[in-house]
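Below is one structure; the comments refer to it alone.
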Amino acid sequence: LEADLTTVGRHSAADILLDDVTVSRRHVEVERSGDRYRV
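What follows is the structure, given as structure tokens:
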């Protein structure tokens, strides 16, 4: 996770694509700030 903001979900624009109907299109965002991450 090198970007400041990484999106995970089913949407084709997600940085990490999860092709699973139980996952929302924009399931989670991971925000990086220095050496810390926030979900």
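When we follow the UniProt record's numbering, the leftmost residue of the sequence shown carries the number 1, and every step to the right adds one. Using N, Cα and C, we set each Cβ at its ideal position, and we do this for glycine too.
Annotation for S33: D4 place their beta carbon closer than 8 Å to its own, counting only its chain and skipping 5 residues before and after.
Between H27 and V8, the CB-CB gap stays under 7 Å. From the listed residues T6, L1, A14, the smallest Cα separation to R25 is found for A14. Closest in C-alpha terms to V21, from the list E29, Y37, E31, R10, comes R10. Under the three-state reduction of DSSP output, T22 falls in the coil class, being neither helix nor strand.
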